[in-house]
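Q: Protein chains in written order, with my numbering: chain A, 1 to 356; chain B, 357 to 510; chain C, 511 to 872.
For glycine and all other residues, C-beta sits at the position ideal for the given N, C-alpha and C.
Pasting a structure here, questions to come.
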Amino acid sequence: MMDLYELVESIVVMLIGWIDQWVPDQLAFLISPTSIHAYVVLGMAAVILVICLLNVVVMIWIERKFIARLMDRRGPTEVGFMGFLQNVADGLKLFLKEVITPQGVDRWVYVMALVLYIGSSITVLALVPMSDRFFMANVEGGLFMIFAIFTLAPFFIFIAGWSQNNKYSLIGGMRSAAQMISYEIPLMLSVIGVILMAGSLSISEIVNAQSSIWFIIPSFIGFFVFIIGVLAEVERIPFDLPEAEAELVEGWTTEYGSIRFGLIMFVAYLRGYVGCALAVFLFFGGWLGGPFSAYMPPEAWFLIKVYILFMILVWLRASAPRIRIDQLIQIGWKRLLPLAMLNIMIAVFLSAMGWI
Amino acid sequence: MEINVNATNSYRFVLYCIIIQSNLYILYEYLLSIPMLSEDYFPVFVFAIVGLIFPAAVFFLNRYFRPTKLTKIKDTTYECGSIPVGEAKIQFHFQYYMFAIIFVVFDIVVVFLMIWAVVFQGMDIKSSISILIFIGILSLGLMYALKKEAKIWI
Amino acid sequence: MAEMWVNMGPQHPMTHGLWTLKVKIDGETITDAIPEVGYLHRGIEKIMENRTFPQSIPLADRLCYGSAHSWSSLYVFTVEDLMGVVAPERAQYIRVITLEIQRIINHLLWLAAYAADLGILTMFLYPMRERELFMDLMQMISGGRLMYDYTRIGGVRNDTPDRFEEETLKQIAVLEEKLLEYEGMMDDNDMILMRTMEVGVLKPGDAIDLGVTGPNLRASGVPYDLRRHDPYLVYDKLDFAICVEKRGDCYSRYRVRMNEMRESMNIIKQALKDMPAGPIMAQKVPKTAPKGSEVFTRTADPRGDSSMHMIGNGTDKPYRVDIKSPAFINISAAPTILIGNRIADVPSIMGSIDVCIGETDR
């Protein structure tokens, strides 16, 4: 089975084979094997980025159509098939809007915080495979690395909120930090049960360890804590306090207009995708289709699972109000943390008895 | 100022480019010689750069598509249509300070536990029990801290 | 230095209409609050002084977009008191029915807006959907969907159309079923309870001191309903309960309004059953108000006790009109309720006391 690297490599080698006779000697290093490796990696990055962009379009479409159905309306219908291209139209509209940088902002921090927020969120994609052949980097400490990069965002949100010289965004940034400090611990503790059962931090090994049984069955509490932690981490509606539009206008995004806001929304869904993908890797057997794996390629299995999980999150969004910040912290420290501990104990017990 | 474009200059320009590129290439070879980057994490490194360039490029491209008609009123900070009262960059009361301190402790604990979980299946029973005692002590400390919540909620 | 003033409004999602709530916060806790109104002042009282009595009826509709009919009714009742006209009994029954339909429409609008304030957009759309049904009823009887211009001095404009009773009973049956659905979404939802229980408590003593009336007062545990204690129209002939809750928090205010919708449906059913046949306009309606006449009339608006003070000077125009809006008083109670709560509760509290800026600023 050809993996993504080999696929891109064959294309790059073919292209270089066409042009290498015209390359002068001074530039020969541009077609050396090391350079080819770099081109291949860049090509893979482009492929993954484009596919994830498309994925985000699909996910926004799913959210809009599904939540519209839950709310007893139709959602977008006009642009494209069943309103599929509505997101593209909206993005294009934002792209053509005037950029306003208000007075009193710390310009450098204001832009850099946003670039870093978007950049760090995109970087996670390098570590999120779609199957055992469609991946960018399959590293030993993959899960750890994903968490390390994924949970950087609240820092940038905090800085961005502060830099705008706007009261709503200041409070929004503070809330983002508070949310991070109370939900990152349960989120990572809930994963420990899975790591313990799989005995590895590598995504592909965790997925392969679930070939007999999905980890959601032995570690259901872990999944429960994890999905709540992910909701808080990606700031979706029961926990979208940093941009609580009822009291803080748009929270930390208040002063970001035009394409800046467009990219923030795009990244919010990208983070939603990464969160769902993580849950699928850790608890739903990743790209494994079980006995039905022959009917569809592993990438399709993976995406279907991600979309179904995302629909559950949309369902939650349709039925839950926004929670208050002190209640959020209370739940995080007093409910989820003990639950995550309990989950570890269960995993230790199951593992010690040799049942998993 | 007019730029005098002639053959010598453009030749120099190409030469400089090549020199700079070769230097970059040496840097790149050096980066690859660091074991971690060369093996698995190099794609992540590349993706991080792509990820940073992507928003920057979008913002840059956006310059050529958007209108720019700035006025003084547009430039004011958004304060629900009123004129802003006072600065927002103040020494604000961060009420979650104590939680942040507990967080710092627990963040390290989580890292310990993750590594412990990876090697759990290869460990003997004694080391497992000791880590459980460690978690137990921590939980007691956390319970104590949260009991004092009225005090720590500044 | 750690405290700062935050403007909420005029262009803010929390303010349903144009008004400003200035909030002083320390961290997330509110230490002070100042409501500012007046952005929507149109001088309706003054305009009324320059129009003849029937000309002001559509203007009174414009006092509030949420419950237009109750305001034009109040105006008409005041003028009737001023002139000494009594509407025939059938007209009074029709007025009760339309007023209660208006109350249901208003409370459904409130419920939708409140849910949106809490961040649960599904509940915004569900009550809006059922509100349409009742707006259809009002359209059937008056032709308008938001501004009805239906009451007239001495009666109502037209009699109920055919099939009106049938349709009303049908829509009431629908709403009775849907109210259970709303309660399933609101009362069975722990997160809603977390956001509304014990939040924004208004003590009964404070409420009476501040002059708060209507559902907000009843939610604080004071069983006061103008329809019972100073009956107008035919409310004394109808049997209905006063909806009271004890705690005075946002949840109580929500419960009171939900129960009031049920009571309103009850009243409509009774009124439809008891409605006599007969004329719908008084025999003789004078064009002018007697010189030196002065009245003060109150009705139970969906938001509280709305009252109007009017002086006649022998011409066909009022000499002076004063409107007292319940929402104005409810807004001025905001600082008492808000101080000590968190900034995240501002939408929850201000949403629960049901603000309408049209009638506040007049």
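Which chain B residues are close to I329 of chain A, counting only those with a beta carbon under 7 Å from its beta carbon?
A: Chain B residues near I329 of chain A: Y452 and F455.
Q: If we count the other Cβ atoms within 10 Å of its Cβ and call it buried at 16 or more, is V361 of chain B buried or exposed?
A: Its pLDDT being 47, under 50, V361 of chain B is placed unreliably by the model, and nothing is read from it.
Q: Rounded to whole angstroms, what is the Cα-Cα separation between P632 of chain C and I540 of chain C?
A: Checking the sequence, you will find Thr at residue 632 of chain C rather than Pro. Each residue's alpha carbon lies about 29 Å from the other.
Q: Below 7 Å CB to CB, which residues in the same chain sit around K504 of chain B once its five sequence neighbours on both sides are set aside?
A: No residues qualify anywhere along the chain.
Q: Taking the beta strand (DSSP E) that H819 of chain C falls in, what are its first and last residues?
A: That run of the beta strand (DSSP E) goes G814 to G822.
Q: Within the 9 Å Cβ cut-off, does A137 of chain A reach chain B?
A: Yes, because at least one Cβ of chain B sits closer than 9 Å to the Cβ of A137 of chain A.
Q: In angstroms, rounded to a whole number, what distance separates the CA positions of Q477 of chain B and G199 of chain A?
A: Their Cα atoms are separated by approximately 7 Å.
Q: Take A837 of chain C and list the residues in its own chain whose beta-carbon comes closer than 6 Å to its own, dropping the five residues that flank it on each side.
A: R813, V865, C866, E869 and T870.
Q: With a Cβ-Cβ cutoff of 9 Å, do M136 of chain A and A45 of chain A count as a contact?
A: Cβ atoms of M136 of chain A and A45 of chain A: closer than 9 Å.
Q: Using only the alpha-carbon positions, how far apart do L15 of chain A and G275 of chain A sit?
A: Approximately 37 Å, taken between the alpha carbons.
Q: With DSSP as the reference, label T661 of chain C as helix, strand or coil.
A: Three-state result, T661 of chain C: strand.
Q: Would you be able to state if there are at least three C-beta pairs under 8 Å between the region 255-273 of chain A and the region 92-112 of chain A?
A: Yes: at least three Cβ pairs fall under 8 Å.
Q: Return the Cβ separation of G272 of chain A and F224 of chain A in integer angstroms, given the expectation that the two are a contact with Cβ distance under 8 Å.
A: Their Cβ separation, rounded to whole angstroms, is 18 Å, which puts G272 of chain A and F224 of chain A out of contact at 8 Å.
Q: Considering only the beta carbon of each residue, do Y434 of chain B and Y307 of chain A sit closer than 9 Å?
A: Contact: no.
Q: For chain A, find out if any of its Cβ atoms is closer than 9 Å to the Cβ of H522 of chain C; answer yes or no.
A: So, interface residue.
Q: Strictly by DSSP, which residues pair up with A543 of chain C?
A: The partner list for A543 of chain C (beta bridge, DSSP) reads C:V533.
Q: Quick check: what's the CA-CA separation for T101 of chain A versus I159 of chain A?
A: Going from the Cα of T101 of chain A to the Cα of I159 of chain A covers about 16 Å.
Q: Give me the DSSP bridge partner(s) of M514 of chain C.
A: Paired residues: C:I535.
Q: Do three or more CB pairs link the region 651-667 of chain C to the region 583-603 of chain C at distances below 8 Å?
A: Contact between the region 651-667 of chain C and the region 583-603 of chain C is present, because at least three Cβ pairs lie under 8 Å.
Q: If contact means a Cβ-Cβ distance below 9 Å, which residues of the region 616-645 of chain C contact chain A?
A: Per Cβ criterion, the list reads A625, A626, D627, L628, G629, I630, L631, T632, M633, F634, L635, Y636 and R639.
Q: For S163 of chain A, tell me which candidate among A:L231, A:L114, A:F302 and A:T151 has the shortest Cα-Cα distance.
A: Comparing Cα positions, the closest option is A:L114.
Q: Establish whether the CB of T870 of chain C and some CB of chain B are separated by less than 9 Å.
A: Chain B, which has no Cβ nearer than 9 Å to the Cβ of T870 of chain C, makes this no.
Q: Mapping the DSSP letters down to three states, classify F750 of chain C as helix, strand or coil.
A: Three-state DSSP puts F750 of chain C in coil, outside helix and strand.
Q: Given 8 Å as the limit, is there contact between the region 809-829 of chain C and the region 844-851 of chain C, that is, 3 or more CB pairs closer than that?
A: No, because fewer than three Cβ pairs between the region 809-829 of chain C and the region 844-851 of chain C fall closer than 8 Å, the two stretches do not touch.
Q: Can you list the residues of chain A that I841 of chain C reaches, using a CB-CB cut of under 7 Å?
A: Here the premise fails: no neighbours, minimum Cβ distance about 17 Å.
Q: Secondary structure at V105 of chain A, three-state DSSP: helix, strand or coil?
A: If DSSP states are grouped into helix, strand and coil, V105 of chain A belongs with coil.
Q: List, in order along the chain, the chain B residues whose C-beta lies closer than 8 Å to that of D855 of chain C?
A: Near D855 of chain C there are no residues of chain B at all, since even the closest Cβ is about 15 Å away, more than 8 Å.
Q: Closer than 6 Å by C-beta to A318 of chain A: which residues in its own chain qualify, once you throw out the five before and the five after it? Chain order, please.
A: So the qualifying residues of the chain are I67 and L70.
Q: For the ligand FAD, is there any heavy atom lying closer than 8 Å to the beta carbon of A28 of chain A?
A: For the ligand FAD, the structure offers nothing, since it holds no ligand at all.
Q: Which whole-angstrom value describes the C-beta separation of K532 of chain C and N517 of chain C, a residue pair presumed to lie in contact below a C-beta threshold of 8 Å?
A: At roughly 6 Å, the Cβ-Cβ gap stays under 8 Å, so K532 of chain C and N517 of chain C are in contact.
Q: Which residues, taken in chain order from the region 93-113 of chain A, show a beta carbon closer than 7 Å to some beta carbon of chain B?
A: Within the region 93-113 of chain A, the qualifying residues are F95, L96, K97, E98, V99, I100, P102, Q103 and G104.
Q: Is there a Cβ from chain C that is less than 9 Å from the Cβ of S438 of chain B?
A: Yes, S438 of chain B lies at the interface with chain C (some Cβ there is under 9 Å from its Cβ).
Q: Looking at the strands, I want to know which residues DSSP matches up with F806 of chain C.
A: DSSP lists C:H819 as partners of F806 of chain C.
Q: Taking the beta strand (DSSP E) that R830 of chain C falls in, what are its first and last residues?
A: Looking at the DSSP string, the run of the beta strand (DSSP E) that includes R830 of chain C is P828 to K834.
Q: Report the neighbours of S319 of chain A on chain C: residues whose CB is nearer than 8 Å to its CB, in chain order.
A: Within chain C, the residues near S319 of chain A are I630, T632, M695 and N699.
Q: When we look at the beta-carbon of Y764 of chain C and count the other beta-carbons within 10 Å, is it buried (16 or more) or exposed?
A: Classification for Y764 of chain C: buried.
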